[in-house]
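Peer 1: Pasting a structure below so you can have a look.
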Amino acid sequence: MAEAQQVPETAQAPLPTGPSQPTPSAPAGATLLRRIVTGTPMVSLLSVVLAIVIGGILMAVTNPKVATAAGYFFGRPGDTIAEIFRPYAALVQGSIFNWEGADFTAQIYPLVETFTVSTPLIFAGLGVALAFRAGLFNIGAQGQLIFGALLGAYVGFTWHLPPGLHLLVVILAGIVGGGLWGGLVGFLKARTGAHEVIVTIMFNYVASFLLLFLLTTPAFQRKGSTNPISPFLDEDALFPALLGPQFRIHAGFILAILVTWGVWWILNRSTIGFEFRAVGANPNAARTAGVNVGRATVLVMALAGALAGLSGIAQVAGTEKYLSGGVAASIGFDAITVALLGRSTPWGTLFAGLLFGAFRAGGVSMQAVTQTPIDIVLVIQSLIVLFIAAPPLVRAVFGLNPRRPKKAKEPPRAKAPMSTSGAAS
Amino acid sequence: MKLELRGITKRFGALVANDHIDLVVEDSQVHCLLGENGAGKSTLMNVLYGLYEPSEGEILVDDKPVAFRGPSDAMAAGIGMVHQHFMLVPVFTVAENVALGAEATKAAGFLDLDATRAKIRDISKRYGFDVDPDALVEDLPVGVQQRVEIIKALVRDARILILDEPTAVLTPQETDELLEIIGELKASGKSIIFISHKLREVKAVADVITVIRRGKVVGDAPPSAAPADLASMMVGRPVSLTLNKAPAEPKDTTFAVRDLTVAAPNGQRVVDGVTFDIAQGEILAVAGVQGNGQTELTEAILGLYKHASGSVTLDGNELLGRSVKDVLGAGVGFVPEDRSHDGLVGAFTVAENLVLDLYDRAPFARGLGMRPSRVATQAAEKIAEFDIRTPSADVPASTLSGGNQQKVVMARELSRPLRLFIASQPTRGVDVGSIEFLHRRIIAERDNGTPVMIVSTELDEIMELADRIAVLYRGRLMGIVPGGTPRDMLGLMMAGMTAEEAAAHEAPVAAGTGAAGADDDGAHRAASSFGIDVVTDDSDSGDTHG
Amino acid sequence: MSTATTATTRPDEAPEEVLAPLVSWKAPIGLGILAVVGTVMFGVFSGGKSAAFGLVDTGRGASAVAAWLALAVAILAAAWLSYAWFRARRAGHGPAGWIPPALAAAVVVFVLAVLGVAGVTVITLGARLIGWLSAVVMLALAGWSAWLAPRGHKLPRWGVAAFAIAFLVGFLVWIVAGGRDATPYISLAGLLAGAVTLAVPLVFGSLSGVLCERSGIVNIAIEGQLLMGAFSAAVGATVTGSVYAGLIAAAVAGALVSLVLAVVSIKYLVNQIIVGVVLNVLVVGLTNFLFSTLLTANPEGLNKPPHLGSIEIPVLADVPLIGPILFRQSLVGYLMYIAVIVVYVGLFHTKWGLRVRAVGEHPQAADTLGVNVNRTRFWNTILGGAIAGIGGSFFTLVAVDAFSKEMSAGRGYIALAALIFGRWNPIGAFLASLLFGFADNLQSVITIIGSPLPSQFMAMLPYVVTVFAVAGLVGRSRPPAMEGIPYVKG
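Chains as they are written, first to last, in the numbering used here: chain X, 1 to 425; chain L, 1001 to 1546; chain Y, 2001 to 2490.
Here you go:
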């Protein structure tokens, strides 16, 4: 995979949305209905439904209580069904609204927690999405996140700057850390043709081992601790809490929304975004039109890395408040699924981040309440992405495949995950 | 072997690529299919080779109907095909390529490449091919690769050989050798279907000519038919050889190329010491067989190659060594030879493609931000001005027809004041109506006082547009001759003679036997197999036939 | 398809290649960096200590019979190979590609056997001497490479091999000599045997990659195949009480992961990298979930597989260094050697292999010659998954006697790296896997003896080496041309 132009070169509009041309003779109403049913948003929705159903089946067959209830299914079928739905109820209760909460704070705590958990996912997802749009598979959000967190945390606990400025410097350090680590990938790709998928996977490991090493050095390790964890960041270096101390939500969430708008602007309204998209869709034409493809590659990877770096800042300056070996958790990998679910548009990524944040937040409470392992969330997430990537599969499951008179031969197309044309959401 | 196609129809959705085509290929015959680009010749052959299933109609081999589910069925029936784009695995050896699909094996599926090597040597000897079975295909010249393709068919005992546009990528010598090979194949009892849009080579090699236009058989003709008749059958309306433009009025010479050399990664000089000038208000057309350095010449001027030496000056400023963006900024308009590869971003909208190399300049951008309203205005203007047929400015450019895509590229490049205009293959794969329109625009740009450089492999286009003609052969300039230079002479130059040598040669050739001295016999035959005599009639009456 | 579109006769040259410098300085630069780093580390910072290497497993005496046997075999092999080489030269053509390395191997065995016969069990090497020696060799080879580059030549293969050996030896002596003791000691026999053991899942994983990618399907899902194999082997072997059933269950599970990859990417044309990444997440989620629910609820009934012990071949297993590697392996270990050979021979010497490679390089050409492209890709992907699944069984049947969460721990990605470093060749992937296994084992060994290099950097090594490889600084790696691009007829 060393050569550059293999994977997403001829990125095209992703998915044939139903019949390419509605035949004039077909009744207009039916055509419209079919378009809605087979169209992209519907497929996304159906994908989520299908994944949730499969997850439910998985939980049902592994849950001894379901088996017990099924034993007297014909006596009281409600028990079986209630038992099957209990985990999902707990999931909703833990991610959106807690109807058993004592006061308003307790009731909306889950929703606020969802926003909190989503914040790093949104940043990292944007990093992956931005690179996707330029035709690059950034599997390296994990490593870029770690580098951003490393630099940001270091600045956060060693430097002591005035309030406001300190947080700003920490954010900048995160951008620089992630940006450099991502930009290096772009540089290698532009100069040597090294495939970014391989390089970013390898760089993830290099970054996490480097983190583990640094956390054993005096510069990073907390004084008096034998654990590989850093000191706490200064109070001034942290994102301010948004809704007071009883919630974990911090100003990073607002920043995430602003940055989403920023990425949208870059992609759809700026000249460099035009370059990124052109390079992603047809690097040869971009080069002929005067775009410096190498520079665009480095720049887009640096920006993608910077976004992932911000995700690291959301961790160390938001919820974690110190640096540890597990700072990245699996955010960098979840980010890939977030970007794919969001079809690599900035606003889509924001909403996908919120959805997966809800899964995460709800998963924790689901595990506590119903003892359903949180890993089911991973299963559902990956199934959603798999289904969304293959709309014909979903349509086939729901029996919605548009009937074509005869399967016309279509020109070969290398499918890229998302639309590279000017999709503005 | 006798082959018959009865009422073959092939539809792709609404498009009818082949419409009830009847064709009979007799034993030991060279049967030529003549037609313009896009007439449906290749589709027909893909049906015959089992790659496409026909929508209607039947194929008969030796009067028995057959159904081909795939290429293996066609091969089993004795049909072999040499595709326009070779179907060879570049990193395999010749033997491996020939063995593929029809492997000789020892016990337990082990390859017996020695058996294949022996067969290759055998066939090479019989037909005088010079092919080393152990050479890597990617290291072989195009002409030899084509012979490997022919060997592939012969190893499978093909009795009918389909050659799809076989001369498109060949040098004149290679074309000449190919025509000889065809003769030998015919002599050994093979039938050959030879597909081409080039009148001269068809006339040279055919026993029977079938002309196809817009997916339909127009009629058969003997090889002795007059070129003008064949041409009018092919194009579907009267054609003339007259040129129809005002003479050039050259002014200052503002564009100069001096000793331009471009080296390929393997060190070969693909452009070798090329020197020429273009004056304002003049069209210089660069002629030559595909692959003789034209692509590299234009791309080097644009700044796409790092390893170019020499000098390229526009208005006194050196262009070489500057970035593509700088070169475009200096006022160069550039139409690349392959629009879908280099000229358009298919997934982008028509509007975006119309500013593809203007996106960061005023008025389309201010600082880092783009101005969508200005982009939209530009799109509306250009769509009207160039009559681009598109449902809206916001559909992906890839949904447009070839001619309209080319208009998008051309409209974009001509939408700003130019100091130099370069267009490669400006009308390749473009319908006849659009060709005339595009040619007129190019001439208008010349009359505007812009130096214009046209690169084309089609002699008729060269003749139509050129004020002066430069001929490239193996990266070297064979000379620059005036616009009206006879085709024979251009052909000789395209075969590797300098202008002086070719001029000295003109007399005996004109005298007519064609059997000139032994060493240049090949050159002449090659020269006479280029290009077509077709120049579409510019008069308006033509459109009524459309 | 209409022929109206442009007749693209543009040669298939990658733009990168057009822009690439005529003189490639990549190799000299790469070798130069390594040589300088090596010189500084192994030479300048060598310290005065020595390193001792044990040639025989601790706790086992040297076997004189095995040593004599090895000596005899080595002499015979060397004599026969030299004769073959000599005959090839007389016949006017070079020796077959495998003869020089085989001869080198015979010489190594010969030296080891001599040491064994002489009863030498420990070799002690001075770090300074060996360090400078290796530095000189590396600098000389890098210099030679730099001298060759402008002349359009590359370092011959034996030169590259010599460079690698010099670097490895220098590195090993340096890192061992840096230990805490006065004369730090490690068992070379144990180190190598452990390296091979750790390499087993990597080899299976990279073979899976070779099979898929040679046919044009990118397999990022190796990690998922290994993990699924480990899980199924544990459950299957526990439920049936048979390790063999566990092996089969592992193969089937790996194939099932591949089935999803194949169907979704071939039938629905979804980008293969996306499918691979998503499958890895899916398998992690699925196995974690099932582990937390079913396996922890009933460990006796579901997660207590029988152990797959090692099978020792008498006498041969006692040959110094080589014996434990080749002749004291588990069934999975022996299967590994068989798989490498079978895949290599299959790919390069059979009809099946020719077709597979054609499909990966130029599917259209294969199609026009009657090879069913997508069927070939499908079955190759399935076969690859089965092989990776067997590799996964190593975790639960050989290494540890139970499944635990995410126990493949990124080995699938190292296997991917090995595949690339090994240039999509089964033998290359095997050697690269051994190297990575070696680095892995060395890392745990040096944390015991103490070393100048933090263990995290040792752990990083495979990944850094791979980045160097894909960047082309260490030779050129050329993937199958049509890898990752779905084939649609027409």
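Backbone N, C-alpha and C define an ideal beta-carbon position, used for all residues, glycine too. The structure displayed is predicted, hence computed values, not measured ones.
Anything in chain L within Cβ reach of Leu2354 of chain Y, meaning under 7 Å, just list it in chain order.
Peer 2: As a position in the third sequence, residue 2354 of chain Y is number 354, starting the count at 1. Ordered by position in chain L, the residues that pass the 7 Å Cβ test against Leu2354 of chain Y are Glu1096, Ala1099, Leu1100, Glu1103, Leu1111.
Peer 1: Alpha carbon to alpha carbon, what distance is there between Ser2046 of chain Y and Val2036 of chain Y?
Peer 2: Walking along the third sequence from the start, residue 2036 of chain Y turns up at place 36. Walking along the third sequence from the start, residue 2046 of chain Y turns up at place 46. Answer to the nearest angstrom: the Cα atoms are 14 Å apart.
Peer 1: Under a Cβ-count criterion, where at least 16 other Cβ atoms within 10 Å of its own Cβ denotes burial, should Trp2424 of chain Y be classed as buried or exposed?
Peer 2: Here the question's residue 2424 of chain Y lines up with position 424 in the third sequence. Label assigned to Trp2424 of chain Y: buried.
Peer 1: Between which two residues does the beta strand (DSSP E) carrying Ala1077 of chain L extend?
Peer 2: Residue 1077 of chain L sits at position 77 when you count from the first residue of the second sequence. Here Ala1077 of chain L belongs to no beta strand (DSSP E), and DSSP marks it neither H nor E.
Peer 1: Return yes when the Cβ of Gly312 of chain X is within less than 9 Å of the Cβ of Gly177 of chain X, no when it is not.
Peer 2: Against the first sequence, residue 177 of chain X aligns to sequence position 177. Against the first sequence, residue 312 of chain X aligns to sequence position 312. Going by C-beta atoms, Gly177 of chain X is nearer than 9 Å to Gly312 of chain X.
Peer 1: Hey, how far is the Cα of Gly2285 of chain Y from the Cα of Ile84 of chain X?
Peer 2: In the third sequence, residue 2285 of chain Y corresponds to position 285, counting from 1. In the first sequence, residue 84 of chain X corresponds to position 84, counting from 1. The straight-line gap from Cα to Cα measures roughly 19 Å.
Peer 1: Return no unless some Cβ of chain L is closer than 9 Å to the Cβ of Arg191 of chain X.
Peer 2: The residue you call residue 191 of chain X lines up with position 191 of the first sequence. Chain L contact via Cβ: absent.
Peer 1: Hey, would you say Met1087 of chain L sits closer than 9 Å to Ile1162 of chain L, going by beta carbons?
Peer 2: Against the second sequence, residue 1087 of chain L aligns to sequence position 87. Against the second sequence, residue 1162 of chain L aligns to sequence position 162. Taking 9 Å as the Cβ cut-off, Met1087 of chain L and Ile1162 of chain L do not qualify as a contacting pair.
Peer 1: Once the 5 residues before and after Glu1165 of chain L are set aside, which same chain residues still bring their CB inside 7 Å of it?
Peer 2: For the purposes of this step, residue 1165 of chain L is taken as the residue at position 165 of the second sequence. If we look at Glu1165 of chain L and ignore the five residues flanking it on each side, its Cβ neighbours are Gln1084, Ile1195, Ser1196.
Peer 1: Is it true that the CB of Gly2385 of chain Y sits closer than 9 Å to the CB of Val2235 of chain Y?
Peer 2: Looking up residue 2235 of chain Y in the third sequence gives position 235. Looking up residue 2385 of chain Y in the third sequence gives position 385. Against a cut-off of 9 Å, the Cβ pair of Gly2385 of chain Y and Val2235 of chain Y comes out as no contact.
Peer 1: Hey, out of Y:Ala2439, Y:Gly2216, Y:Leu2308, Y:Val2239, whose CA is closest to Met2460 of chain Y's CA?
Peer 2: What you label residue 2460 of chain Y is simply residue 460 of the third sequence in a count that begins at 1. Ranking Y:Ala2439, Y:Gly2216, Y:Leu2308, Y:Val2239 by Cα distance to Met2460 of chain Y puts Y:Ala2439 first.
Peer 1: If I follow the unbroken beta strand (DSSP E) through Gly2054 of chain Y, where does it start and stop?
Peer 2: Along the third sequence, one-based indexing puts residue 2054 of chain Y at 54. Residues 2050-2054.
Peer 1: Does Asn1046 of chain L come out as helix, strand or coil in the three-state DSSP assignment?
Peer 2: Counting from one through the second sequence, the residue named residue 1046 of chain L turns up at place 46. Here Asn1046 of chain L sits in helix by DSSP.
Peer 1: For Met301 of chain X, which residues of its own chain have a beta-carbon under 6 Å away from its beta-carbon, when the five flanking residues on both sides are left out?
Peer 2: Taking the first residue of the first sequence as position 1, residue 301 of chain X is located at position 301. So the list reads Gly182, Gly183, Val185, Gly186, once near-sequence residues are dropped.
Peer 1: For the segment 374-405 of chain X, list every residue whose C-beta sits within 9 Å of some C-beta in chain Y, in sequence order.
Peer 2: Answer in chain order: Ile374, Asp375, Ile376, Val377, Leu378, Val379, Ile380, Gln381, Ser382, Leu383, Val385, Leu386, Ala389, Ala390, Pro391, Pro392, Leu393.
Peer 1: Any beta carbon from chain L within less than 9 Å of Thr2368 of chain Y's own beta carbon?
Peer 2: Numbered from 1 along the third sequence, position 368 holds the residue referred to as residue 2368 of chain Y. Thr2368 of chain Y counts as touching chain L.
Peer 1: For Asn2288 of chain Y and chain X, any beta-carbon pair shorter than 9 Å?
Peer 2: As a working mapping, residue 2288 of chain Y is identified with position 288 in the third sequence. So, interface residue.
Peer 1: In the DSSP assignment, find the unbroken beta strand (DSSP E) run with His2307 of chain Y in it and report its ends.
Peer 2: Taking the first residue of the third sequence as position 1, residue 2307 of chain Y is located at position 307. Segment: none, His2307 of chain Y is in no beta strand (DSSP E) and carries neither H nor E.
Peer 1: Tell me whether Gln315 of chain X is buried or exposed, calling it buried when 16 or more other Cβ atoms sit within 10 Å of its Cβ.
Peer 2: As a position in the first sequence, residue 315 of chain X is number 315, starting the count at 1. Buried, since its Cβ has 16 or more Cβ neighbours within 10 Å.
Peer 1: I'd like to know if Met2001 of chain Y contacts chain L, where contact means its C-beta is closer than 9 Å to some C-beta of that chain.
Peer 2: If you number the third sequence from 1, residue 2001 of chain Y lands on position 1. For Met2001 of chain Y, the predicted model reports a pLDDT of 36, less than 50, meaning its position is unreliable; a value from the coordinates is still stated below. Output row for Met2001 of chain Y: interface = yes.
Peer 1: Taking 7 Å as the limit between beta carbons, can you name the residues of its chain near Gln352 of chain X, skipping five residues before and five after?
Peer 2: Mapped onto the first sequence, residue 352 of chain X falls at position 352. It is Ala, not Gln, that sits at residue 352 of chain X in the sequence shown. Contacts found: Gly125, Val338, Leu341, Gly342.
Peer 1: Can Thr1009 of chain L and Gly1057 of chain L be called in contact, C-beta distance under 9 Å?
Peer 2: Looking up residue 1009 of chain L in the second sequence gives position 9. Looking up residue 1057 of chain L in the second sequence gives position 57. Contact: yes.
Peer 1: Does chain X have any CB closer than 9 Å to the CB of Pro1336 of chain L?
Peer 2: For the purposes of this step, residue 1336 of chain L is taken as the residue at position 336 of the second sequence. So yes, Pro1336 of chain L belongs to the interface.
Peer 1: What does a CB cutoff of less than 7 Å around Gly2131 of chain Y pick up in its chain, not counting 5 residues either side in sequence?
Peer 2: What you label residue 2131 of chain Y is simply residue 131 of the third sequence in a count that begins at 1. For Gly2131 of chain Y, where only same-chain residues beyond five positions count, the Cβ hits under 7 Å are Phe2042, Gly2043, Ser2046, Gly2170, Val2173, Trp2174.
Peer 1: Could you run through the segment 2403-2421 of chain Y and flag, in chain order, every residue whose CB is less than 8 Å away from some CB of chain X?
Peer 2: So the close ones are Gly2410, Tyr2413, Leu2416, Ala2417, Ile2420.
Peer 1: How would you list, in chain order, the residues of chain L whose beta-carbon sits under 8 Å from the beta-carbon of Arg269 of chain X?
Peer 2: Start at 1 with the first residue of the first sequence, and residue 269 of chain X comes out as number 269. Result: Gly1369, Met1370, Pro1372.
Peer 1: With 7 Å as the C-beta to C-beta threshold (strictly closer), list the residues of the segment 1336-1366 of chain L near chain X in chain order.
Peer 2: Correct list: Pro1336, His1341, Asp1342, Gly1343, Leu1344, Val1345, Gly1346, Ala1347, Phe1348, Thr1349, Glu1352, Leu1356, Asp1357, Tyr1359, Asp1360, Ala1365.
Peer 1: So, is Val2040 of chain Y buried or exposed, given that buried needs 16 or more other C-beta atoms within 10 angstroms?
Peer 2: Here the question's residue 2040 of chain Y lines up with position 40 in the third sequence. It is exposed - the Cβ of Val2040 of chain Y has fewer than 16 other Cβ atoms within 10 Å.
Peer 1: Spell out whether any CB of chain X is found under 9 Å from the CB atom of Ala2007 of chain Y.
Peer 2: Working through the third sequence from its first residue, we reach residue 2007 of chain Y at position 7. With a pLDDT of only 34 at Ala2007 of chain Y, under the threshold of 50, the placement of this residue in the model should not be trusted, and no figure is reported.
Peer 1: Measuring alpha carbon to alpha carbon, tell me which residue in Y:Ser2393, Y:Trp2352, Y:Ile2387 is nearest Arg2375 of chain Y.
Peer 2: In the third sequence, the residue the question calls residue 2375 of chain Y occupies position 375. Measuring from the Cα of Arg2375 of chain Y, the nearest candidate turns out to be Y:Trp2352.
Peer 1: List the endpoints of the continuous beta strand (DSSP E) containing Gly2126 of chain Y.
Peer 2: Position 126 of the third sequence holds residue 2126 of chain Y. Run containing Gly2126 of chain Y: 2122-2126, per the beta strand (DSSP E) assignment.
Peer 1: Please compile the residues from chain Y whose C-beta is within a distance smaller than 7 Å of the C-beta of Gly1070 of chain L.
Peer 2: Stepping through the second sequence from its first residue, residue 1070 of chain L is reached at position 70. Those are Gly2370, listed as they occur along chain Y.
Peer 1: Based on the DSSP secondary-structure assignment, which residues constitute the bridge partners of Lys321 of chain X?
Peer 2: To locate residue 321 of chain X, count along the first sequence from 1; it is residue 321. None, per the DSSP bridge assignment.
Peer 1: Which residues in chain X sit within 8 Å of Phe2457 of chain Y, going by Cβ to Cβ distance?
Peer 2: What you label residue 2457 of chain Y is simply residue 457 of the third sequence in a count that begins at 1. Within chain X, the residues near Phe2457 of chain Y are Phe209, Phe213.
Peer 1: What does Val2284 of chain Y reach in chain X if we use C-beta pairs closer than 8 Å?
Peer 2: Looking up residue 2284 of chain Y in the third sequence gives position 284. Per Cβ cutoff of 8 Å: Asp375, Leu378.
Peer 1: Which whole-angstrom value is the C-beta distance of Ala2189 of chain Y and Phe2436 of chain Y, which I expect to be below 8 Å?
Peer 2: Locating residue 2189 of chain Y in the third sequence gives position 189, counting from the first residue. Locating residue 2436 of chain Y in the third sequence gives position 436, counting from the first residue. Rounded, the Cβ-Cβ distance is 20 Å, inconsistent with contact.
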